[in-house]
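A.B. asks:
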Amino acid sequence: MSQQETHGFQTEVKQLLHLMIHSLYSNKEIFLRELVSNAADAADKLRYNALTNDALYEGDGDLRVRISADKEKGTVTIADNGIGMTRDGVIEHLGTIAKSGTADFFKSLSGDESKDSQLIGQFGVGFYSSFIVAKKVEVKTRAAGHNADEGVHWVSEGEGEFTVDNINIENRGTEIILHLRDDEKEFADDFRLRSIITKYSDHISVPVEMFEAGTPESEGEDGEKIPATEGSWKSMNKATALWTRSKSDITDEEYNEFYKHISNDYADPLLKAHNRVEGKQEYTSLLYIPAKAPWDMFNRDAKQGLKLFVQRVFVMDDAEQFMPSYLRFVKGLIDSNDLPLNVSREILQDNKVTTALRSGVTKRVLGMLEKLAKNDEEKYQTFWAEFGQVLKEGPAEDFANREKIAGLLRFASTHTDSAAPTVSLDAYLERMKEGQDKIYYIVADSYEAAANSPHIELLRKKGIEVLLMSERIDEWLVNHLTEFKEKKLHSVTRGDLELGELEDKEEKEEAEKLASESESLVKRIKDALGDKVSDVKVTTRLTDTPACVVTGEGDMSTQMIKLMEAAGQTVPESKPLFEVNPNHPLMTRLDTEQDEQLFADWSNLMLQQAQLSEKGSLADPSSFIKLMNQMLMAK
């Protein structure tokens with residue numbers, strides 16, 4: 001009995017279909033790769049589920065994908081005998097996009113076809129690519145282990161709705177029938193389809209078959225009759241798991257196509273590493289670093305992790321237990337001989353084998369990056385521009401590899417002429433002044449704010465390099481990366497800035513003399529500002545600026561306060577330490593001011609200027625502007 005229903009596509013699916021139907025993919029043949037990849041995944045899922053329920057095979061354990069074309073009808077059919085789908089599964093999987101961050105994904109589309117096609121690929125919507133070439137798509141499917149009368153027939157023309165009906169299907173699996181558009185009939189050709197399979201699907205671990213017609217009875221040259229042969233299905237691919245093959249037997253093109261298969265990326269990867277480990281643990285890993293960051297890299301709910309195989313049997317996608325979060329951009333797989341086939345995410349969580357494998361692949365990735373940074377700095381900068389912010393999470397997350405991760409970090413500095421982060425900590429150490437025992441840095445809201453901060457005036461004058469940090473993650477980073485190769489990292493915004501041997505005896509004596517001569521000025525300013533500051537001191541760190549605010553020892557830095565406030569956290573109250581430069585003309589002028597009210601106004605104005613320079617904002621900007629206007633008008 002027919003149970004036909006019509007459903008509307010989810011809004012996001014409609015948007016996606018519109019983009020693809022209007023040729024957002026520049027390479028239309030990719031539709032076949034996507035559908036074959038989905039069919040292979042269905043075979044993998046059946047193989048895994050059958051480990052605990054052999055009846056799912058229904059007497060047919062030879063998994064495969066079959067592709068055929070009908071020139072007269074203008075159709076292409078992709079059929080598999082994998083896990084199949086139920087009616088509810090069809091409606092869910094083919095009518096909606098059940099992904100977190102979907103709205104953010106569509107916001108990230110720019111309208112630039114070449115860029116947007118990359119994003120759509122990363123989003124992983126392979127089935128919908130059917131509508132690039134098809135005016136109508138039919139899906140006939142039955143879930144493994146279900147009755148023949150539980151088959152499902154799904155039909156859509158990709159224009160906002162689809163129909164679902166029940167039909168009888170004898171064999172489990174899924175058959176997708178593409179009714180090609182009139183201008184896409186080139187794909188209803190066996191030779192064209194074979195060439196696409198060879199190009200994109202040679203790495204698929206199940207046979208991808210096409211039918212080869214038999215030959216009629218014929219007569220040889222000697223008059224002997226040659227019997228007719230029957231047609232048969234022939235595999236078009238190697239049908240061997242790519243990672244199980246010898247590296248010398250795999251071409252770069254095959255590696256790249258396999259990467260695209262598992263990542264949904266449409267660009268070649270930046271790096272790859274294929275390794276077989278034997279000994280205490282036996283496993284194979286195939287790891288890739290993408291050339292471009294995924295659109296959802298900072299989405300906490302986004303799936304991440306490696307594909308897990310156990311003894312070449314697919315077990316799960318996105319096994320996050322094998323890769324630390326700061327390397328979540330890494331794609332690939334791990335195939336273990338030491339885990340049970342029925343392993344679950346819960347078992348993986350506290351498994352000793354998991355810990356060992358995680359350690360092994362983490363070191364492998366860090367080694368790949370170290371090698372790249374050493375041998376090709378320009379290519380490494382390409383990586384850094386895409387994934388640097390994520391890698392900066394590493395020192396806080398992975399104590400065991402903290403030094404190794406720190407060596408991979410890159411920063412802008414006062415010794416570079418642009419905002420490009422091209423300085424490594426090793427390069428900084430090599431350029432350190434004789435007698436320098438600290439790595440100096442500043443964290444600010446922007447590169448410009450860091451580069452022009454008054455806190456680095458003296459260091460710049462002395463030619464001492466300062467790392468300029470301006471990303472949100474940087475304050476978090478320096479709270480966990482406190483030293484590198486026995487050299488402490490030191491913030492120039494701290495009140496305890498000491499240059500040690502970089503400051504000669506004469507400079508120290510001059511500083512002491514200046515502080516002594518300015519005691520009266522400092523006391524007046526302190527009295528004028530009252531409890532707005534924790535203290536007022538003379539500073540030598542300034543050369544062109546009259547005053548600055550600094551963070552006291554043990555106090556929370558300005559950037560950390562901003563991070564906590566942005567996260568809705570309560571921040572403990574603290575007052576700034578106000579440092580003044582008595583040699584600046586404004587301070588000299590202030591020192592001669594006899595009117596105490598005017599003196600207090602000037603002191604407040606310079607404090608607010610210093611706070612504005614440090615924080616980038618003021619709690620009460622209106623009163624600051626009012627005071628500044630008042631001072632400008634004063635005689």
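One point on numbering: in the UniProt record's numbering, the residue at position 354 of the sequence shown is 354, and numbering is uninterrupted.
For glycine and all other residues, C-beta sits at the position ideal for the given N, C-alpha and C.
All values derive from a computational prediction rather than experimental measurement.
Specify the secondary structure class of Leu409 as computed by DSSP and reduced to three states.
C.D. replies: In this structure, Leu409 counts as coil in the three-state DSSP scheme.
A.B. asks: Beta-carbon within less than 8 Å of Gln630's beta-carbon, same chain only, minus the 5 sequence neighbours each way: which residues are those?
C.D. replies: Excluding positions up to five away in sequence, the list reads Asp601.
A.B. asks: Count the CB pairs spanning the segment 429-438 and the segment 458-469 that are closer than 8 Å, and state whether there are at least three.
C.D. replies: Because the criterion of three Cβ pairs below 8 Å is met, the segment 429-438 and the segment 458-469 touch.
A.B. asks: Keeping to the same chain, check which residues put their C-beta closer than 8 Å to that of Asn171; ignore five residues upstream and five downstream.
C.D. replies: Within the same chain, Asn171 has close Cβ partners Glu58, Asp60, Asn81 and Arg142.
A.B. asks: Just to confirm before moving on: does the CB-CB distance between Val330 and Leu366 stay below 8 Å?
C.D. replies: In this structure, Leu366 does not lie closer than 8 Å to Val330 by Cβ.
A.B. asks: So what does Asp335 bridge to, in DSSP terms?
C.D. replies: In DSSP, Asp335 forms a bridge with Thr284 and Phe309.
A.B. asks: So for Ser23, helix, strand or coil by DSSP?
C.D. replies: Note that Ser23 scores a pLDDT of 49, beneath 50, so its modelled location is shaky and nothing firm can be said.
A.B. asks: For Leu502 and Val443, what's the separation of their Cα atoms in angstroms?
C.D. replies: When rounded, the distance between both Cα atoms is 22 Å.
A.B. asks: Going by alpha carbons, who is nearest to Ile176 out of Thr77, Asp149, Ala55 and Asn256?
C.D. replies: Answer by Cα proximity: Thr77.
A.B. asks: Taking the C-alpha atoms as reference points, what is the distance between Tyr266 and Lys260?
C.D. replies: In a straight line, the C-alpha of Tyr266 is about 6 Å away from that of Lys260.
A.B. asks: With Glu34 and Gly126 assumed to form a contact (beta carbons below 8 Å), what rounded beta-carbon distance in angstroms separates them?
C.D. replies: Confirmed, about 3 Å.
A.B. asks: Residue range of the alpha helix (DSSP H) that residue 637 falls in?
C.D. replies: As shown, the chain starts at 1 and ends at 635. That puts residue 637 outside it, with no answer to give.
A.B. asks: What three-state label does DSSP hand Gly82 in the structure shown?
C.D. replies: Gly82 falls in the coil class under three-state DSSP.
A.B. asks: Which whole-angstrom value is the C-beta distance of Glu457 and Gln559, which I expect to be below 8 Å?
C.D. replies: Actually they do not touch by this definition, with Cβ atoms about 20 Å apart.
A.B. asks: What would DSSP say about Ile167, mapped onto helix, strand or coil?
C.D. replies: Looking at Ile167 - three-state DSSP - the assignment turns out to be strand.
A.B. asks: Per the contact definition of three or more C-beta pairs closer than 8 Å, is the segment 215-225 in contact with the segment 234-242?
C.D. replies: The segment 234-242, when compared against the segment 215-225, does not touch it at the 8 Å Cβ threshold.
A.B. asks: Whose C-beta lies closer than 7 Å to the C-beta of Arg312 among residues of the same chain, with five residues either side of it excluded?
C.D. replies: Here the set comprises Ala241, Thr244 and Asp335.
A.B. asks: I'd like to know whether the C-beta of Ile83 is nearer than 8 Å to at least one C-beta of chain D.
C.D. replies: Note that chain D does not occur in the displayed structure, where there is just one protein chain.
A.B. asks: Does Asp70 come out as helix, strand or coil in the three-state DSSP assignment?
C.D. replies: Residue state, collapsed to three classes: strand.
A.B. asks: Can you give me the C-alpha to C-alpha distance between Leu521 and Asp591, rounded to a whole angstrom?
C.D. replies: Going by the C-alpha atoms only, they are around 6 Å apart.
A.B. asks: From this set, Lys303, Lys247, Asp595 and Asp544, which residue's C-alpha is nearest Pro585's C-alpha?
C.D. replies: Minimum Cα distance to Pro585 is reached at Asp544.
A.B. asks: Once DSSP output is grouped into helix, strand and coil, what is the label at Leu489?
C.D. replies: Three-state result, Leu489: strand.
A.B. asks: Since Gly495 and Glu573 should fall inside the 8 Å C-beta cutoff, what is the C-beta to C-beta distance between them, to a whole number of angstroms?
C.D. replies: Contact doesn't hold; Cβ gap of about 17 Å is too wide.
A.B. asks: I'd like to know whether the C-beta atoms of Asn275 and Ser285 end up nearer to each other than 8 Å.
C.D. replies: The answer is yes: Cβ separation under 8 Å.
A.B. asks: With DSSP run on the structure shown, which of helix, strand or coil describes Lys433?
C.D. replies: Coil at Lys433, not helix or strand.
A.B. asks: In whole angstroms, give me the CA-to-CA distance for Lys438 and Leu467.
C.D. replies: Going by the C-alpha atoms only, they are around 12 Å apart.
A.B. asks: Of the choices Glu517, Asp527, Met633 and Ser453, whose alpha-carbon is the least far from that of Asp609?
C.D. replies: The question names Asp, yet the displayed sequence has Gln at residue 609. It is Ser453 whose Cα lies nearest to the Cα of Gln609.
A.B. asks: Going along the chain, which unbroken runs of the beta strand (DSSP E) with 3 or more residues stay wholly within the segment 144-206?
C.D. replies: As far as the segment 144-206 is concerned, its whole beta strand (DSSP E) runs of at least 3 residues are 151-156, 161-167 and 173-180.
A.B. asks: How about Arg64 and Glu209: are their beta carbons less than 8 Å apart?
C.D. replies: Yes. Within cutoff.
A.B. asks: Among His203, Met316 and Arg194, which has the Cα closest to the Cα of Asp44?
C.D. replies: Per the Cα distances, Met316.
A.B. asks: Less than 8 Å between the C-beta atoms of Leu306 and Ile289, yes or no?
C.D. replies: No, they are not a contact pair.
A.B. asks: Can you give me the Cβ contacts of Leu348 inside the same chain, cut-off strictly under 6 Å, excluding the 5 residues immediately before and after it?
C.D. replies: These residues qualify, in order along the chain: Gln321 and Thr354.
A.B. asks: Using the DSSP secondary-structure output, state which residues sit across from Phe578 in a beta bridge.
C.D. replies: In DSSP, Phe578 forms a bridge with Val536 and Val549.
A.B. asks: By DSSP, does Ile226 sit in helix, in strand, or in coil?
C.D. replies: Strand.
A.B. asks: I think Leu459 touches Val423, with their Cβ atoms under 8 Å apart; what is that distance to the nearest whole Å?
C.D. replies: Rounded, the Cβ-Cβ distance is 15 Å, inconsistent with contact.
A.B. asks: Nearest CA to the CA of Ala291: which residue from Ala39, Phe298, Phe309 and Lys272?
C.D. replies: Among Ala39, Phe298, Phe309 and Lys272, the Cα nearest to that of Ala291 is on Lys272.
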